[in-house]
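In mature numbering (1 follows the signal peptide of the UniProt record, and there is no 0), the protein residues as written are -23 to -1, 1 to 331.
Data first, discussion second: the structure below is written as structure tokens.
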Amino acid sequence: MKTNTIYAAVALLALITFGSCERTESPLPEIKPSDGNKLTLNGGIGGLDAANAVYVDLSTDKQDSVKRKDWSLGFYCAADFRVILNYQVGMSAIETSQTDIKAVNSSNVDLSKLDYDTKPEKIKLYDDTAGRVNQSVITEVNATENQNKVYIVNPLFASVKKDELWKVKVTRSGTNAYNLQYAPIDATNIQTLTITKDNTFNFKHVSFSKGAVNVEPKKDDWDFVWTKASFYTMMGPNTPVPYAFSDLIFLNHETGVSAAEVVFLDKEGKTNGKPSYDEFDASKLSAINLKTGRNVIGSKWRNTLGTGALKDRFYVIKDKAGNIYKLKFIAMGAGKDGGKRGYPEIEYKLVKGK
């Protein structure tokens, strides 16, 4: 009996050892990028004021819908200490002269500075429309605590209501985290929250009403976001003024996603010598100038007063992994394109894998 027990133990040990070696030596299967697909993005209710922002990852055919109103501030997870406002609902802010959040209230801040107007000087109330974090309203968080000012944040676009305003102060917490103090503008009870950087994300997000919230997918898990946002329109040559746009496409520029626009029909609807979406393949890539930046696509893909999703163009997108896709917008629910507003339809095809 004892001998049999020893034999059984030896056999079990050999089986475990063999299984362990097998697991160690077998490489994980490589997940191939999607060859392409059609998606209807879930913008949710609201039509041109659709409730959701939709993050899209072409290589996995995945979309993540997040309520645009579910966050207030975004805390940058890269090396710099930067904070952004919720551009998806058009938040604005002003800096006060105070460094003590308890000393700030509606009686000692000129709230008229937050008034909305289509004047060039008003665009400074909003974060940079190109998404550059070094040009956000809240300046870089200083390592010296008393060098950081209190800000008044307005969650409403084109309207100012005192009862909706928040006062905010952000400082550093050690070398890898932020400390947030926040409260309604006339409150004396100050809330505090520590936000730790996570380099698998571009930003970590906070809601004034809910605290820490999940918003963007991990930074390697999305290529672009479809959303409504505070943006700009031109009021004369080289004169941008604040304006709210629906159906914007913003690239995940923080990870280096790039894109190019290909317009293959002229104003009369005739071919101009460039390949159409169906004709475009890897042999045409050498003629494409891919550009980085959040607004490479922006609002260029649609005309809300005319044809809706424009049929004379498509886009080439290169993701962080190096996969290159061609992308066209089929419908958006405006003009005569036959879609449903808030649920844009896209089609894409892999042109070249990584």
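We put the CB at the ideal spot given by N, CA and C, even for glycine.
Predicted, not measured: the structure shown is a model, and the values here were computed from it.
Fill in: Three-state class that DSSP yields for Leu62 in the structure shown
The residue you call residue 62 lines up with position 85 of the sequence shown. Three-state result, Leu62: strand.
Worksheet item: Are Lys39 and Asn29 close, meaning C-beta to C-beta below 8 Å?
Response: Looking up residue 39 in the sequence shown gives position 62. Looking up residue 29 in the sequence shown gives position 52. Taking 8 Å as the Cβ cut-off, Lys39 and Asn29 do not qualify as a contacting pair.
Worksheet entry | Pairwise C-alpha distance: Gly108 and Lys329 | One-based indexing of the sequence shown puts residue 329 at position 352. One-based indexing of the sequence shown puts residue 108 at position 131. Going by the C-alpha atoms only, they are around 28 Å apart.
Fill in: Test item: CB-CB of Tyr292 and Ala236 under 8 Å
Indexing the sequence shown from 1 puts residue 292 at position 315. Indexing the sequence shown from 1 puts residue 236 at position 259. Contact flag set, yes.
Worksheet item: Got a sec? Which residues, its chain only, sit under 6 Å from Val127 by beta carbon, not counting five neighbours each side?
Response: The count along the sequence shown starts at 1 and reaches residue 127 at position 150. So the list reads Thr73, Gln75, Ile78, Val81, Lys144, Lys146, once near-sequence residues are dropped.
Worksheet entry | Beta-carbon proximity check, Leu267 vs Pro10, cutoff 8 Å | Against the sequence shown, residue 267 aligns to sequence position 290. Against the sequence shown, residue 10 aligns to sequence position 33. No, the Cβ-Cβ distance between Leu267 and Pro10 is not below 8 Å.
Worksheet item: Quick one: what does DSSP say residue 348 is sitting in, helix, strand or coil?
Response: Past the boundaries of the shown model lies residue 348; the chain is included only from -23 to 331, so the question cannot be answered.
Worksheet item: Buried or exposed: Lys181, going by 16 or more other Cβ atoms within 10 Å of its Cβ?
Response: Numbered from 1 along the sequence shown, position 204 holds the residue referred to as residue 181. Flag for Lys181 reads buried.
Worksheet item: Smallest Cα separation from Leu101: which of Thr152, Tyr220, Phe58, Lys313?
Response: Here residue 101 refers to the residue found at position 124 of the sequence shown. In the sequence under discussion, the amino acid at residue 101 is Lys, which differs from the Leu named in the question. Measuring from the Cα of Lys101, the nearest candidate turns out to be Tyr220.
Item to complete: May I ask you to report which of helix, strand or coil DSSP gives Lys251?
Response: Reading the sequence shown from its first residue, position 274 is the one you call residue 251. Coil at Lys251, not helix or strand.
Practice prompt. Can you say whether Pro214 is buried or exposed, counting buried as having 16 or more other CB atoms within 10 angstroms of its CB?
Written response: By 1-based counting over the sequence shown, the position of residue 214 is 237. So Pro214 ends up on the exposed side.
Discussion item. Could you check whether the stretch 268 to 287 touches the stretch 314 to 327, counting it as contact only if at least three pairs of C-beta atoms, one from each stretch, sit closer than 8 Å?
Written reply: yes
Worksheet item: Looking only at its own chain, which residues have a Cβ that is under 7 Å from the Cβ of Ser150, when we skip the five neighbours before and after it?
Response: Residue 150 sits at position 173 when you count from the first residue of the sequence shown. Excluding residues within five positions, the ones whose Cβ falls inside 7 Å are Asn156, Thr171.
Worksheet item: Any idea what DSSP makes of Lys(-22), helix, strand or coil?
Response: One-based indexing of the sequence shown puts residue -22 at position 2. Residue confidence is low: Lys(-22) scores 41 on pLDDT, short of 50, so the model does not pin down where it sits. Its coordinate-derived value is still stated next. Lys(-22) falls in the helix class under three-state DSSP.
Item to complete: Helix, strand or coil for Ile100, going by three-state DSSP, please let me know.
Response: The sequence position of residue 100 within the sequence shown is 123, counting from 1. In the structure shown, Ile100 sits in a helix (DSSP, three-state: H, G or I).
Worksheet item: Whose C-alpha, out of Phe178, Asp57, Ala70, is nearest the C-alpha of Ala120?
Response: Walking along the sequence shown from the start, residue 120 turns up at place 143. Checked all of Phe178, Asp57, Ala70; the closest Cα to Ala120 is Asp57.
Fill in: Counted within 10 angstroms of its Cβ, other Cβ atoms place Thr210 as buried (16 or more) or exposed
Taking the first residue of the sequence shown as 1, we reach residue 210 at position 233. Exposed: under 16 other Cβ atoms inside 10 Å.
Practice prompt. State the CB to CB distance for the pair Leu304 and Arg271, rounded to an integer number of angstroms; the pair is presumed to be in contact (CB under 8 Å).
Written response: Residue numbering aside, residue 304 sits at position 327 when the sequence shown is read from its first letter. Residue numbering aside, residue 271 sits at position 294 when the sequence shown is read from its first letter. Their Cβ separation, rounded to whole angstroms, is 16 Å, which puts Leu304 and Arg271 out of contact at 8 Å.
Item to complete: Leaving aside the five residues before and after Gly246 along the sequence, list all residues of the same chain whose C-beta is less than 8 Å from its C-beta, in chain order.
Response: Start at 1 with the first residue of the sequence shown, and residue 246 comes out as number 269. Result list for Gly246: Asp289, in chain order.
Practice prompt. Have a look at Glu193 and Val202 and give me their C-alpha separation to the nearest angstrom.
Written response: For this step, residue 193 is matched to residue 216 along the sequence shown. For this step, residue 202 is matched to residue 225 along the sequence shown. Approximately 9 Å between the Cα atoms of the pair.
Fill in: Which of helix, strand or coil DSSP assigns to Ser235
As a working note, residue 235 is residue 258 in the sequence shown. Reduced to three states, the DSSP call for Ser235 is strand.
Worksheet item: Per DSSP, Gln40 forms a beta bridge with which residues?
Response: Residue numbering aside, residue 40 sits at position 63 when the sequence shown is read from its first letter. Gln40 is bridged to Val33.
Worksheet entry | Check whether Val183 and Leu50 have beta carbons under 8 Å apart | Position 206 of the sequence shown, counted from the first residue, corresponds to residue 183. Position 73 of the sequence shown, counted from the first residue, corresponds to residue 50. Result yes, Cβ atoms of Val183 and Leu50 sit closer than 8 Å.
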